[in-house]
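Student: Supplied in C-alpha cells, the structure appears directly below.
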Amino acid sequence: MNYRFQNLLGAPYRGGNVVVSQNNRLISPIGNRISVTDLIKSETLTLPCQSSANISRIAVSPDGNFILAVDDNNRAQFINLNRRIVLHRITFKGKVSAIKFSPNGQLIAVAIGKLIQIWRSPGFRKEFFPFELVRTFADCNDRVTCLNWSPDSGYLLSGSRDLAVRLFCMRKLDGSEKKINKPFLFLGHRDTIVGAFFGVDKKTGKISRVLTISRDGALFSWGCPEYDDTLVEIDEEMNDPLSPGTPEKMDEGAGEVVGGEVVKKRKEFDGKDKNFEDDENEVFLHHIKWELLKKDFLMQAPAKVTSCDYHPGLDLVVVGLSGGAFGLYQMPDFICIHLLSISREKITTAIFNDLGNWLTFGCARLGQLLVWEWKSESYILKQQGHYFDVNCVAYSPDSQLLATGADDNKIKVWNVASGFCFVTFPEHTNAVTALHFMANNHSLLSASLDGTVRAWDLFRYRNFRTFTTPSSRQFVSLTADQSGEVICAGTLDSFEIFVWSMKTGRLLDVLSGHEAPVHGLMFSPTNVRAILASSSWDKTVRLWDVFEGKGSVETFQHVHDVLTVVYRPDGKQLASSTLDGLISFWDPLDGILMYTIEGRRDIAGGRLMTDRRSAANSTSGKYFTTLCYSADGSYILAGGNSKFICMYDIAEQVLLRRFQITHNLSLDGVLDKLNSKNMTEAGPLDLIDDYNSDIEEGVDKQTRGKSSFDLPGAAANRGRPVIRTKCLRIAPTGRSFSAATTEGVLVYSVDESLVFDPTDLDVDVTPEAVDAALNEDQPVRALILSLRLNEDSLIKKCILIVTPADIPAVVSSIPSRYLQRLIEALTDLMESCPFLEFILRWCQEICKVHGNSIQQNSRKLLPALKSLQKAITRLHQDLAETCSSNEYTLRYLCTTSTEK
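Residues in the sequence shown are numbered from 1 upward in steps of one, following UniProt numbering.
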C-alpha cells in the first residue's frame, strides 16, 4: 500500500517558460507540477511537490540546484531540485510576468505588474524570513514583460508594454541628486518588448551593446561608441552588489589590484563597495548615452514574436513566432541561419542551452517540447502530449511499456522507466476508448468511436490488422483471450459484442442480449475455460462462453446501471461497479454475491463552480467508473469523476487509503467548499475572464478536453477542465499503477526505501550477529538472520558471499515464508550486479527447490516474480543487442581479413 507519486505521462508541456540548466536538464511546468528531463540520459521525471494552481513562471539558479516556481495565484515555491522538496514558500502581491536569478545566484529579479522587485536568494540558510526584499524599482509605466541580468550581476535590463527598455544599476550609489539612480531608457520600438539582452565583446570581455526585440519583429542594436574606453569590464568573481545594509568587518589584507597597486576597500552602512582612489573616475552603464546602431526587421507579418533568446557567446538570436515558425539569426550582421516552421500554433518559449548548440521550443497549445541541434539539424528531444483528455491506459505484460489513448484520436506508447513516448499511432479518426496489450508483448489492440478495432505491431510500428463490422459502430470496450486468438469489442450504439479471429481478421460472432451500451468487457484470466464477462447500463453483468458458442451462460442482476466489470487475476472473482456507488464482488463459478462495498462517501469529491448545491448534498459523481485488482487480488483500486482514488481491502471490505490525484485549484471540482465572496450576479468570479492576453496576441484561449462540452453547465464553465479519473491499471508486477486523469497519466509506484518489519525478531537478531555468522563461515545462518531483519543491504551482502557450489544447499535451507524477500533482493541485484550467471543460478535453484511453494503461494509471490521476470527480460534484450552487434563486427572483420 506504500504507493507514492512517481511520474506524470501524457502531458510534457502545458504552458509557461522553459529553462535548461547547466547540466543539460530541461525543466518545464506541467500544470501545477514541474517536469525535469535529462537530455543526456533521455529520462524524464516529475517532481512530487505541487502548487495550488498552474505554474506560469519558473527560474533555475545558475548551479542548477534550486528552482523558483510561481503559479497563477502568485504563490512561489523555492525547491531543492536534488532532494525534490520545497524549502520555502512566498506569495507575491501581484501577477508575476517574469522571474530570473542573477548569474552569481545571490539575487532574484521578479516582475510584478509595473514593479521590479529584487530579492535575496534564500539558498541553504535556515531563517524565519528566508526571502529578503532588497529593492523595488517602480519606473515602468506598464506591465513588465521581460528581464535580463548582466553577466556580472551588476545591471538589469527590463522591457515592458510601454514600448521602452530600461537599464537599472544594482549598486547603491551615494549622491544628493536622485537622478544618479534613474535608469537609462532605450526608446524607439512601436510594440510590446519581448526580449532585452546584453552583448559582450569576445576580445575585451566588456559589455559592448544591448539588443532589444519587440513583438512586431523589430530588433534594435544599441551601443556607446563614445565611451568604449570607459566601459566596465565584467568581473566573474564580483561580490554581492546589494548588501543587506549592515556593517561588516573586513580582513586587513583584503583589497583589489588597480593599476598595479593594492587598494584597500571597506564597506559602508549603505552597502556600497567604495574604492576611495578610483571612485570619481568610475563610469556606470546607466550613465552612458547609448546610441541606436542598427535596426533589423524579421519581415514575418502578420506573425508576431512570442518568444526569443540571445546567446552572447555565439552572438546568436532565436525568435519564436505566433504562426509556429522560428528563426535563428547571426548577429551583428543579422544573417538568417534557419527559418523553419515546426507547427501551426504559436511558440510559447524558445531558449538556448548553456553551450548554445541546442535550441528548445515549446508549444503550449499542442503540449509539445522540442530540443533541436541547429548545426546538424537533428532532434535531441521530441515529445508531445495528448491534446485532449486521456481515456484509457494499458500495461504491457512485462510492465515496461504503457500505452495511452485519448480524445485526440492518437495512441502513444511510453517507456515507463524513462518516461518517454517512443511511438505515436495517429490512424484512428475518432476518440480512442479502449486499449489491450496482447500476451506476446509485441502487439497492441485499440478500439475507437470511428467504428474500427486496430492491431499494432510494436516492432515495425505499423497497423497490421483492422477489424470492422458490416455497418458502422462505435466501440467503447475491448478485450482478448489469453491465447490471443479471439478479439471482442463492445459497442455504444447497437449494444452488441463483436467477436473476431486475430489470425484471419474475420468476424466470427455477434453476441446480442444487452439493452444498453456495453462499457465493460473482460476475458477470464485462466486458460482452463475462457469466459467473457460484459457489463452494461441495462443493470446486468453477463457471462458468455465464446468458444462453445452457447451465448450467455449467466446473468448477474443489479439494482442500478453497471459501469464496469473486472476479473481478479486468478479468475475466481468478479467485481462490478454500479451507479449507486456500490462495488459488488461475485463468484463467477457459483454465481453468488460474495461482498459489497459502499463507496459513495469515499469517492465524494469537490464541488463544481456551476453547482447550486454543496458537495455534501450533491449526488453527481458519487460512483466508480473504473476498477482494477491488485496483482495478488487482495485489494482493489477504484476511481471516478472525483479527485480521489480509493483503495479497498476486499476480504474486510474496508477503505485502506485514498489518493488525492491533484491539489490544482485551476481545475474544477478540487475545492470542497466555495467562497460566497467570489459569487456575483453574472456567475462565479473565477469564470469571468477580464484579462485576455491570448486574444491580444492573436491566439484564442484554448479549451482542453472534449468531454467538458457534454457535461451539464459546460457552457457556463467555458471549457474549464473538471478533475476526474477515467481509467486505472495496475502493472503486472504489482509495483506500480497508472491513472488516466484530467491532468495526464499519473504513475504511482511502491516506495523502494526500507520498511521496518518486526517479523521473527528477538534480541539475538542483529546486524552484528549477521557479521559474526559470515566470519564463522555460516552463510545459511547469516542469510536467514538478514531476511528476518529485512535489511536490504545485509541480504544482498549475504547472497553475494555464497560460493556457486553452495547455492543449492543454501536455497534448500531457506524457509518458504522468506521467498518473497529473497526474490525481491535478487531482482535488485539483477539490475545492478555484474555477476549475471551467479544471480541466474540463484533463480534456477529457487525454482527447483521451492517450485511447489511458489505454486501454492502464487498470489502472494506474483508481484515479486513479475518484477524478476521484468529484470531478466530487460537484461536479455540488452545482451541480445550487444551480441548482434558483436556478431556483425566479427563477420565484417573476418570478411576483411579473408579478402586481404
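In this text, a Cβ means the ideal position worked out from N, Cα and C, and glycines have one as well. Keep in mind the model is a prediction, meaning the values are calculated, not measured.
1) Considering only DSSP beta bridges, list what S666 is partnered with.
2) Could you spell out where the alpha helix (DSSP H) holding M830 opens and where it closes?
3) In whole angstroms, give me the CA-to-CA distance for K539 and F437.
4) Does DSSP put A406 in a helix, in a strand, or in coil?
5) Taking N7 as part of the beta strand (DSSP E), name the residues at either end of that continuous run.
6) Rank L728, I799, D828 and T827 by C-alpha distance to the C-alpha of I814 and give the top, closest one.
7) Count the other C-beta atoms from every protein chain shown that fall within 10 angstroms of the C-beta of G15, then say buried if there are 16 or more, exposed otherwise.
8) On the DSSP letters alone, give me the boundaries of the alpha helix (DSSP H) that K572 sits inside.
9) Jot down the residue ranges of each uninterrupted alpha helix (DSSP H) in the segment 63-106, minimum 4 residues, whole runs only, in chain order.
10) Which partner residues of E291 appear in the DSSP bridge assignment?
11) If you draw a straight line from the alpha carbon of D602 to that of Q660, how long is it in whole angstroms?
12) Quick one: Cα of I112 to Cα of D142, how far?
13) For S343, tell me which candidate among L355, L359 and L366 has the shortest Cα-Cα distance.
14) Between which two residues does the alpha helix (DSSP H) carrying H775 extend?
15) Is K93 buried or exposed, if buried means 16 or more other CB atoms sit within 10 Å of its CB?
16) Apart from the five residues just before and just after residue 904, which ones in its own chain have a Cβ nearer than 6 Å to its Cβ?
17) How close, in whole Å, do the beta carbons of G320 and A364 come, if the pair is a contact with beta carbons under 8 Å?
18) What does a CB cutoff of less than 8 Å around H286 pick up in its chain, not counting 5 residues either side in sequence?
19) Taking 8 Å as the threshold, find out whether the segment 726-744 comes into contact with the segment 636-656 through three or more Cβ pairs.
20) Between the Cα of I839 and those of K346, R817, Y648 and V802, spot the shortest distance and give me the residue it belongs to.
21) Are T433 and A447 closer than 8 Å when you measure CB to CB?
22) Where DSSP assigns a beta bridge to K382, which residues make up the other side?
23) Please state the DSSP three-state secondary structure of T469.
24) Taking the alpha-carbon positions, what's the A871 to S793 distance?
25) Kindly confirm or deny that the segment 90-107 and the segment 54-62 touch, where touching means at least three C-beta pairs closer than 8 Å.
26) Under DSSP, the alpha helix (DSSP H) around D457 begins and ends at which residues?
27) For A480, which three-state DSSP category applies?
28) Using a Cβ distance threshold of 8 Å, determine whether the segment 718-736 contacts the segment 378-388, with at least three qualifying pairs required.
29) Between the Cα of G195 and those of K295, Q106, K294 and V317, spot the shortest distance and give me the residue it belongs to.
30) Taking all protein chains shown into account, do 16 or more other C-beta atoms lie within 10 angstroms of the C-beta of T306, making it buried, or fewer, making it exposed?
31) Count the other CB atoms, across all protein chains shown, that sit within 10 Å of the CB of A218; report buried if there are 16 or more and exposed otherwise.
32) Check whether the Cβ atoms of S21 and V60 sit closer than 8 Å, and answer yes or no.
33) So if DSSP puts H311 in a beta bridge, which residue, or which two residues, is it bridged to?
34) Relative to the alpha-carbon of Q573, which residue among A651, E548 and L608 has its alpha-carbon at the smallest distance?
35) Does DSSP put V747 in a helix, in a strand, or in coil?
36) I need the boundaries of the beta strand (DSSP E) containing D580, first residue and last residue.
Tutor: Reading off the structure:
1) Answer is none; S666 lacks a bridge partner.
2) Segment L819 to S832, the alpha helix (DSSP H) holding M830.
3) Going by the C-alpha atoms only, they are around 28 Å apart.
4) Residue state, collapsed to three classes: strand.
5) N7 -> beta strand (DSSP E) spans Y3 to L9.
6) Out of L728, I799, D828 and T827, I799 has the C-alpha closest to the C-alpha of I814.
7) Residue environment analysis places G15 among the buried positions, since at least 16 neighbouring C-beta atoms fall within 10 angstroms of its C-beta.
8) Secondary structure note for K572: it is in no alpha helix (DSSP H), with a DSSP letter that is neither H nor E.
9) Whole alpha helix (DSSP H) segments, 4+ residues: zero.
10) Answer by DSSP bridge pairing, in chain order: G223.
11) Spanning the two alpha carbons is a distance of roughly 11 Å.
12) About 11 Å.
13) Looking from the CA of S343, the closest CA among L355, L359 and L366 belongs to L366.
14) Contrary to the premise, residue 775 reads as Asn rather than His in this sequence. Residues P767 to N775.
15) It is exposed - the Cβ of K93 has fewer than 16 other Cβ atoms within 10 Å.
16) What is shown of the chain runs 1 to 900, which leaves residue 904 out entirely.
17) Actually they do not touch by this definition, with Cβ atoms about 11 Å apart.
18) Correct list, in chain order: Y155, L167, F168, C169, K182, P183 and F184.
19) Touching, per the Cβ criterion.
20) Of K346, R817, Y648 and V802, the residue nearest in Cα terms is V802.
21) Between T433 and A447, the C-beta gap is smaller than 8 Å, which places the two residues in contact.
22) For K382, which the question treats as bridged, DSSP gives the partners L370.
23) When DSSP states are grouped into helix, strand and coil, T469 belongs to the coil group.
24) Whole-angstrom Cα-Cα distance: 19 Å.
25) Enough Cβ pairs lie closer than 8 Å, so yes.
26) Element bounds for D457: not the alpha helix (DSSP H) but the beta strand (DSSP E), V453 to D457.
27) Note: A480 maps to strand in three-state DSSP.
28) In short, these stretches do not touch, since the Cβ pair count stays below three.
29) The alpha carbon of G195 has as its nearest neighbour, out of K295, Q106, K294 and V317, the alpha carbon of V317.
30) Of the other Cβ atoms in all chains shown, 16 or more fall within 10 Å of the Cβ of T306; this residue is therefore buried.
31) By the neighbour-count rule (16 or more Cβ atoms within 10 Å), A218 is buried.
32) With respect to V60, S21 sits close: the two C-beta atoms are nearer than 8 Å.
33) Looking at the DSSP output, H311 shares a beta bridge with L316.
34) For the residues A651, E548 and L608, the minimum Cα distance to Q573 belongs to A651.
35) Looking at V747 - three-state DSSP - the assignment turns out to be strand.
36) That residue, D580, is in no beta strand (DSSP E); it is neither H nor E in DSSP.
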